[in-house]
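Student: Have a look at this one before I ask anything.
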Amino acid sequence: MDFDIRDLLKAMLLCLLIMIGWQYLQQKTRPPAPPDQQPQGPAAPKTPTPSTAAPMVTDEPQQKEIITQPGADWQVRMVAPGEDIVLGDRNQPAGYKSQITINASMAAVERVLLSEYKYKVNDEQTGYPLLESCLDENNRPLGSFQLGRLKLKNRIEVFDLSRGCWQLTRNKQTDATGEQTVAFTAVIEDGQKQPVLQIVKTYRYGQENGGYDLDFDVHLVNMTRRFLELESLEFWGPMGLMREGPRTDRRDVVAGYQVAEGEIDIKRVNLRTLEKDPQKAPIEKPKVGAIKWFGISNKYFAAVVRPYTPNGNQMVDYISDNQVRGRALSIKPGKTGQKLRSTLTVLSRLVREDPIKPSDRAEFNFKIFLGPISTKIFRQHYAGLHYEALLAGRSCAICTFQWLTALVLKLMDGIYAGVRNYGVAIIILVLLMRLLLHPITKKSQMNMMRMQKLQPQMEELRKKYGNNKQELSKRTMELYKEQGMAGNFLLGCLPMILQLPIWVALFTAVDGNVEIRHHGLFPASWHWLTDLAAPDRLIPFSWFGVEEPIEIPLLSGFMGGIDAFNLLPILLTVAMFLQTKFTTQPQMAQANPQVAQQQKMMMYMMPAMMLIFFYAAPSGLNLYIMASTFGGLIEQKFIRKHIKAEQEKAAEVKVAATGKVSDRLGPKKKKPKPQKKFFS
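Take the sequence shown: its letters are residues 0 to 679, numbered as in numbering that gives the first Met the number 0.
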């Protein structure tokens, strides 16, 4: 379960318990003395010691290996670096979903920009930086899909293919369908400068699978007249993913294992875990099943590597130990002088059981998904690959009811199709829910007003049986039964109880939904409520040079990091304060000072908790709760006014029916009786 979901559920359950306790307290004849409590706030999380990227963890014990040096028997042929190559285009009219920059020296992807998305909502040009170049522990540049150390069986050399050895052997070519291809070649040669092993890396990018796939092939060509056996080839996966959202860092290394036909078991390790405990770098693998795909993901986007065989879609066996590893890295600083930023990558080792025959080759083929985490895209282009499992852990099926989340999404999408604004769609959704819950809300208000009328009788019971709690409780229940109110003390908070699943379902529907990302109530030029999937960020702290979210001791565990002044949670808090104040029972407070003190504490504690839990929540959720709360206040006012008018009308009818007007109105007055006007 995602940490944001856990925090939200804690807030919902805590608010629910407080509301139930409050309602019970107001109905209880004599509130018990509060038990001695020793509240324990959450311990401040230990700040991990900053460190550089952790070294790669391997399963084998560390052994001293002889690294190839000039003059050794076999070595990698070094070449002069060429110019970088760009595949695709970030400009949407070109028709490509990505712009992929390949570093010629590393023959690796240096940067990927997604042409359909922006990094910030007010960016003028599209191009979301999905992947970036990183730095290793020696501050050397790294790129996505880079090859590292190659080891052959029966050879003592370890060949470094990371950089400086790649020559462009097939310049960028574009066919009639728009597919672009580029190839690089590295050569391992013997002591006589004769080629022994040729390593060919080929990138192909076009419109396959909607334009989200990058094809990547590695061929090892045996240039000798004898068999060659590959022991391992280090393969760096995608890297450089950016953080999305200040509340929690959802950057994960993910791996999907096919444990049965049509069933995927997804394993993941978070970046923070990798930074704190590098020993957890190997991704836990299930007891059965083969690896289907692996990669990295954040809140909205993913880069997923899927190994395959050209002659079919069967599972491959060239991922060593059927396992991948995560690793924390630093993103390479750009030209603007920004500081190093933490990120992650995934590594694997390629192996081959069969030897490579003379003049033959070993093939390793991959399809790499570069794009948004979108159920629509996955179902349309990747049916059967179970990429939807990337969404696992982002919702609580037990507490949110996935069908309810799907229903909320369909309602929002349906309303959005008509109004073309998700903010307006959320407000309309509030009105619909208020209409559906109106009968229950009205009954709740009627019950509350009846309880207020019972306060004089309950006060008499307190005075008479105050020293006998058991008898007092018995007499109180008898009074409730006489008035037809037995068991109704929860009715006052029933509307909120029914709203809780809607809140959590809406949170699940909005938070992490790339379809709603950068959709706001107002246009981007307004700089407020421009992204309903993120906090409203009225005043970003970046305006004052603060780039990283601020962590508040004790509170950050509930509200996450703060990177802006958010106005909407404050408005929500005001609405909750007014609702709490409006629903208190002054008669009971006047009769019992202890209840008055507890009501006063509730009036301030409940809104304060809402502010803490929802400060960094998606603005779409806060907009819904705020609009629903203010709408509830208006609704309660009209309901109470209507109930009061009906009660006055019923009293007039009762007086007229009994004919004993003098008993209720006192001595006759010269003015005509108002009851006669009622029947005239």
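We put the CB at the ideal spot given by N, CA and C, even for glycine.
His437 by DSSP, collapsed to three states: which one?
Tutor: Here the question's residue 437 lines up with position 438 in the sequence shown. Three-state DSSP puts His437 in a helix.
Student: Please name the residue, chosen from Ile551, Met495, Gln91, that lies closest to Thr579 on a Cα-to-Cα basis.
Tutor: As a first step, residue 579 must be located in the sequence shown, where it is residue number 580. Out of Ile551, Met495, Gln91, Met495 has the C-alpha closest to the C-alpha of Thr579.
Student: Just to confirm my understanding: we take Ser97, look at its own chain, exclude 5 residues before and 5 after, and list those with CB closer than 7 angstroms. What are they?
Tutor: Counted from its first residue, the sequence shown places residue 97 at position 98. Counting only Cβ-Cβ distances below 7 angstroms, and skipping sequence neighbours, we find Gly87, Val111, Leu112, Leu113, Ser114, Leu369.
Student: Run through DSSP, which three-state label would Asn364 get?
Tutor: Sequence index remark: in the sequence shown, residue 364 carries index 365 (1-based). Strand.
Student: Can you tell which of Val513, Ala103, Glu550, Pro568 has the C-alpha that lies nearest to the C-alpha of Tyr127?
Tutor: Position 128 of the sequence shown, counted from the first residue, corresponds to residue 127. Looking at the Cα atoms, Val513 is the closest of the given residues.
Student: Determine the extent of the beta strand (DSSP E) in which Leu219 is found, giving its start and end residues.
Tutor: Taking the first residue of the sequence shown as position 1, residue 219 is located at position 220. 212-221 is the span of the beta strand (DSSP E), which, as asked, contains Leu219.
Student: Thinking His218 and Arg360 are a contact (beta carbons under 8 angstroms), I'd like their distance in whole angstroms, please.
Tutor: Counted from its first residue, the sequence shown places residue 218 at position 219. Counted from its first residue, the sequence shown places residue 360 at position 361. With 8 angstroms as the limit, His218 and Arg360 qualify as a contact, their Cβ atoms being about 5 angstroms apart.
Student: Have a look at the DSSP bridge pairing and note the partners of His325.
Tutor: As a first step, residue 325 is located in the sequence shown; it is residue number 326 there, counting from the start. Inspection of the sequence shows that residue 325 is occupied by Gly rather than by His. Gly325 is bridged to Val345.
Student: Hey, how far is the Cα of Leu273 from the Cα of Arg305?
Tutor: Here residue 273 is taken as the residue at index 274 of the sequence shown, counted from 1. Here residue 305 is taken as the residue at index 306 of the sequence shown, counted from 1. Roughly 23 angstroms separates the two Cα atoms.
Student: In the DSSP assignment, the beta strand (DSSP E) including Thr184 goes from what residue to what residue?
Tutor: If you number the sequence shown from 1, residue 184 lands on position 185. First-last of the beta strand (DSSP E) with Thr184: 179-188.
Student: When you compare only the Cα positions, how much space is there between Met77 and Glu228?
Tutor: For the purposes of this step, residue 77 is identified with residue 78 of the sequence shown, where counting begins at 1. For the purposes of this step, residue 228 is identified with residue 229 of the sequence shown, where counting begins at 1. Spanning the two alpha carbons is a distance of roughly 23 angstroms.
Student: Suppose you measure from the CA of Asn364 to the CA of Val220; what does that come to, to the nearest Å?
Tutor: Here residue 364 corresponds to residue number 365 of the sequence shown, with the count starting at 1. Here residue 220 corresponds to residue number 221 of the sequence shown, with the count starting at 1. So the alpha carbons of these two residues sit roughly 14 angstroms apart.
Student: With which residues is Gly745 paired in a DSSP beta bridge?
Tutor: Past the edges of the chain, shown from 0 to 679, lies residue 745, and the structure says nothing about it.
Student: Please state the DSSP three-state secondary structure of Asp320.
Tutor: Position 321 of the sequence shown holds residue 320. If DSSP states are grouped into helix, strand and coil, Asp320 belongs with the helices.
Student: Alpha carbon to alpha carbon, how far is Asp316 from Leu149? Give it in angstroms, no decimals.
Tutor: Here residue 149 corresponds to residue number 150 of the sequence shown, with the count starting at 1. Here residue 316 corresponds to residue number 317 of the sequence shown, with the count starting at 1. Put simply, the backbone Cα of Leu149 is about 18 angstroms away from that of Asp316.
Student: In chain order, what residues of the same chain have a beta carbon less than 7 angstroms from the beta carbon of Lys366, not counting five sequence neighbours either side?
Tutor: Position 367 of the sequence shown holds residue 366. Cβ within range, chain order: Asp212, Asp214, Arg305, Tyr307.
Student: So who's on the other strand from Gly255, going by DSSP bridges?
Tutor: Position 256 of the sequence shown holds residue 255. Looking at the DSSP assignment, Gly255 forms a beta bridge with Ile265, Trp292.
Student: Which value, in whole angstroms, describes the spacing of the CA atoms of Asp189 and Ala107?
Tutor: In the sequence shown, the residue the question calls residue 189 occupies position 190. In the sequence shown, the residue the question calls residue 107 occupies position 108. Those two C-alpha atoms are separated by around 25 angstroms.
Student: Going straight from the alpha carbon of Phe521 to that of Leu610, what length do you get?
Tutor: For the purposes of this step, residue 521 is identified with residue 522 of the sequence shown, where counting begins at 1. For the purposes of this step, residue 610 is identified with residue 611 of the sequence shown, where counting begins at 1. Cα to Cα, Phe521 sits roughly 23 angstroms from Leu610.
Student: If Pro281 sits next to Arg324, beta carbons under 8 angstroms apart, how far is it from one beta carbon to the other, in whole angstroms?
Tutor: Looking up residue 281 in the sequence shown gives position 282. Looking up residue 324 in the sequence shown gives position 325. Yes, Pro281 and Arg324 are in contact; Cβ-Cβ is about 5 angstroms, under 8 angstroms.
Student: With DSSP run on the structure shown, which of helix, strand or coil describes Ile549?
Tutor: Position 550 of the sequence shown, counted from the start, is the residue given in the question as residue 549. In the structure shown, Ile549 sits in a strand (DSSP, three-state: E or B).
Student: Return the bridge partner residues of Val304 from the DSSP annotation.
Tutor: Along the sequence shown, read from residue 1 onward, the residue named residue 304 stands at position 305. Beta-bridge partners of Val304 (DSSP): Phe293, Ile367.
Student: Under 7 angstroms between the Cβ atoms of Leu349 and Glu230?
Tutor: The residue given as residue 349 occupies position 350 in the sequence shown. The residue given as residue 230 occupies position 231 in the sequence shown. Cβ distance not < 7 angstroms, so Leu349 and Glu230 don't count as in contact.
Student: Measure the alpha-carbon distance for Glu123 versus Glu352 and round it to whole angstroms.
Tutor: In the sequence shown, residue 123 corresponds to position 124, counting from 1. In the sequence shown, residue 352 corresponds to position 353, counting from 1. Cα to Cα, the separation comes out at about 51 angstroms.
Student: Expressed to the nearest angstrom, what Euclidean distance is found between the alpha-carbon atoms of Phe637 and Gln444?
Tutor: Against the sequence shown, residue 637 aligns to sequence position 638. Against the sequence shown, residue 444 aligns to sequence position 445. A direct Cα-to-Cα measurement between Phe637 and Gln444 gives close to 11 angstroms.
Student: Output yes or no for whether 7 angstroms exceeds the beta carbon distance between Pro548 and Gly556.
Tutor: Here residue 548 is taken as the residue at index 549 of the sequence shown, counted from 1. Here residue 556 is taken as the residue at index 557 of the sequence shown, counted from 1. No, they are not a contact pair.
Student: Could you give the distance in angstroms between the alpha-carbon of Met476 and the alpha-carbon of Arg267?
Tutor: Position 477 of the sequence shown holds residue 476. Position 268 of the sequence shown holds residue 267. Their backbone Cα atoms lie some 54 angstroms apart in a straight line.
Student: Return the bridge partner residues of Pro455 from the DSSP annotation.
Tutor: By one-based count along the sequence shown, residue 455 stands at place 456. BP columns for Pro455 are empty, so no partner.
Student: Just mark Met604 as buried or exposed, buried being the case when its beta carbon has 16 or more other beta carbons within 10 Å.
Tutor: The residue you call residue 604 lines up with position 605 of the sequence shown. The residue in question, Met604, is exposed, as its Cβ has fewer than 16 Cβ neighbours within 10 Å.
Student: Met222 and Gln197: beta carbons closer than 7 angstroms?
Tutor: By one-based count along the sequence shown, residue 222 stands at place 223. By one-based count along the sequence shown, residue 197 stands at place 198. A contact, by the Cβ cut-off of 7 angstroms.
Student: Buried or exposed: Ser524, going by 16 or more other Cβ atoms within 10 Å of its Cβ?
Tutor: For this step, residue 524 is matched to residue 525 along the sequence shown. When all chains shown are included, Ser524 counts as exposed.
Student: Are at least three pairs of beta-carbons, each pair with one atom in the region 293-303 and one in the region 398-414, less than 8 angstroms apart?
Tutor: no
Student: In this structure, does DSSP put Pro245 in helix, strand or coil?
Tutor: Counting from 1 along the sequence shown, the entry for residue 245 is found at position 246. In this structure, Pro245 counts as coil in the three-state DSSP scheme.
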